[in-house]
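Numbering (the numbering used here), first residue to last: 5 to 412.
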């Protein structure tokens, strides 16, 4: 593993990036990605396993779509419908989403968990499952019967990169991130904890791991807060897919046994910040690396009356098809941004609103500013456009991510 690089974080000077880190950077986890046969006619990786050394605390968030896919329903059942518990492994296949497949789909999802539990020597309900790919087609069980034993045999500390590749569908690149930090809490002085993860979109599947000692309930609290500030602020399509799933597993290997972190402590604040850092990086990757996206659009909204208004404005700008098309075409008509702010139903006085694109002022005191179009395009580059909106109405702020939308 490479030496961690420092991250500029005002509250956590010890926070460091782990280069080429991912879902197995934290102690106590192995992973693999293998070819099981969900994609016919090629040998691409399509079955991923992330396994803890022993059953460990786990929290999960699932789609709000009423037509949730079979693996979502099975994983919810395994967690007793409370979204946290103790888990040994997460098994993910790509190529077939196992959505809208009825009782047959549920049988296949349960069978896949049973196969993994048999190989790992754990209970079936200690395996969570997820799927992504084509919807409406019942997945064959044979790829699981071939791939799951192989995935279990090949799981290793070096297998995280293959696992991240195996869950890809439309994305061009694996999405991985990891950080470490030294705790300043007196109860964990001298302890270094790691948070890592892998993700895919636009149907969001995420597996996060840590060696910080968490209870299942506290892991759920941290995951909820982190997702609200990251994954829930990625705009890639019209809504929540039938397969969206996010898992957090905590081995506790970074501290002495029997010392779980308590809510409200410095240790919990540190962990939450590290989790948000990893989640934010993965969220950016999801927004910038999906179908028809050539450029990441980051929308910062500051000066909002409250958090709800900040969300309304940022979501309105990020959702706007005409704004995304404008970015794709590198046009200089930024009035579309202003229009999307105007219909967001937020509280502000338009004379106090300011808008900047890549640091270049484009709106002041209710009027578009003259600006050097060529300079702005040079500042924009090819990979990211940053839009900053100051509503001048308060102290709330937020950030959303989306991608450009090439015409046609």
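Cβ atoms here follow ideal geometry from the backbone N, Cα and C, with glycine treated the same way.
Residue i to residue j span [Cα, whole Å]
i: residue 173; j: residue 93; result: 21 Å
i: residue 325; j: residue 195; result: 47 Å
i: residue 274; j: residue 406; result: 28 Å
i: residue 183; j: residue 211; result: 15 Å
i: residue 20; j: residue 214; result: 14 Å
i: residue 104; j: residue 82; result: 20 Å
i: residue 139; j: residue 148; result: 17 Å
i: residue 23; j: residue 334; result: 33 Å
i: residue 32; j: residue 55; result: 9 Å
i: residue 170; j: residue 343; result: 41 Å
i: residue 201; j: residue 394; result: 33 Å
i: residue 247; j: residue 58; result: 26 Å
i: residue 368; j: residue 288; result: 29 Å
i: residue 96; j: residue 71; result: 19 Å
i: residue 122; j: residue 128; result: 8 Å
i: residue 130; j: residue 380; result: 53 Å
i: residue 338; j: residue 25; result: 38 Å
i: residue 107; j: residue 271; result: 44 Å
i: residue 135; j: residue 76; result: 8 Å
i: residue 396; j: residue 356; result: 5 Å
i: residue 226; j: residue 65; result: 11 Å
i: residue 16; j: residue 110; result: 44 Å
i: residue 180; j: residue 203; result: 7 Å
i: residue 157; j: residue 163; result: 11 Å
i: residue 239; j: residue 153; result: 36 Å
i: residue 351; j: residue 79; result: 41 Å
Endpoints, alpha helix (DSSP H) assigned at residue i
i: residue 327; result: 325-333
i: residue 155; result: 146-158
i: residue 119; result: 106-124
i: residue 477; result: This structure cannot settle anything about residue 477, because the visible part of the chain is limited to 5 through 412.
i: residue 168; result: 164-170
Chain-order list of residues whose beta-carbon lies under 7 Å from that of residue i (same chain, five-residue window excluded)
i: residue 408; result: 297, 298, 299, 301, 328, 331 and 332
i: residue 161; result: 28 and 34
i: residue 341; result: 321, 327, 359 and 391
i: residue 244; result: 67, 68 and 69
Neighbourhood of residue i by C-beta distance below 8 Å, restricted to the same chain and skipping five residues each side
i: residue 398; result: 307, 308, 309, 310 and 313
i: residue 39; result: 47, 48, 49, 50, 51 and 151
i: residue 62; result: 83, 88, 89, 90, 91, 132, 220, 223, 251, 252, 253 and 254
i: residue 388; result: 292, 299, 300, 301 and 302
i: residue 372; result: 338, 339, 342 and 366
i: residue 364; result: 375, 376, 379, 380 and 383
Interface flag, residue i vs chain C, CB-CB below 7 Å
i: residue 168; result: As a matter of chain content, chain C is missing from the structure shown, which is built from one protein chain.
Close Cβ partners of residue i (< 6 Å) along its chain, the five nearest in sequence each way excluded
i: residue 318; result: 303, 305, 402 and 404
i: residue 186; result: 18 and 196
i: residue 353; result: none
i: residue 99; result: 42, 43, 50 and 137
i: residue 283; result: 230 and 234
i: residue 5; result: Model confidence at residue 5 stands at a pLDDT of 48, short of 50, so the residue's coordinates are unreliable; what they give is reported in the following sentence. Once the five neighbours on either side are set aside, residue 5 has no close Cβ partner at all.
i: residue 400; result: 308, 310, 311 and 314
i: residue 198; result: 29, 30, 184 and 215
i: residue 336; result: 377
i: residue 145; result: 112 and 115
i: residue 155; result: 36, 38, 51 and 53
i: residue 278; result: 183, 185 and 199
i: residue 256; result: 217
i: residue 259; result: 192, 195 and 217
Span of the beta strand (DSSP E), counted from its first residue to its last, around residue i
i: residue 301; result: 300-308
i: residue 358; result: 358-361
i: residue 224; result: Looking at the DSSP string, residue 224 is not in any beta strand (DSSP E); the run it does join, the alpha helix (DSSP H), is 220-232.
i: residue 197; result: 196-204
i: residue 409; result: Run containing residue 409: none; DSSP gives neither H nor E here.
i: residue 211; result: 209-214
Secondary structure of residue i, DSSP reduced to three states
i: residue 100; result: strand
i: residue 239; result: strand
i: residue 138; result: strand
i: residue 32; result: coil
i: residue 19; result: coil
i: residue 285; result: helix
i: residue 186; result: strand
i: residue 131; result: strand
i: residue 311; result: helix
i: residue 180; result: strand
i: residue 336; result: coil
i: residue 354; result: helix
i: residue 321; result: helix
i: residue 316; result: helix
i: residue 292; result: helix
i: residue 24; result: coil
> Taking only runs of the beta strand (DSSP E) that begin and end inside the segment 34-98, which ones reach a length of at least 3 residues, in chain order?
Replying inline: The segment 34-98 contains these whole beta strand (DSSP E) runs: 51-66.
>> Which runs of the alpha helix (DSSP H) at least 4 residues long sit entirely within the segment 244-278? Give them in chain order.
In response: Entirely contained in the segment 244-278, not one alpha helix (DSSP H) run reaches 4 residues.
> Where in the segment 365-405 do unbroken runs of the alpha helix (DSSP H), each at least 4 residues long, occur, reported from the N-terminal end onward?
Replying inline: As far as the segment 365-405 is concerned, its whole alpha helix (DSSP H) runs of at least 4 residues are 377-384.
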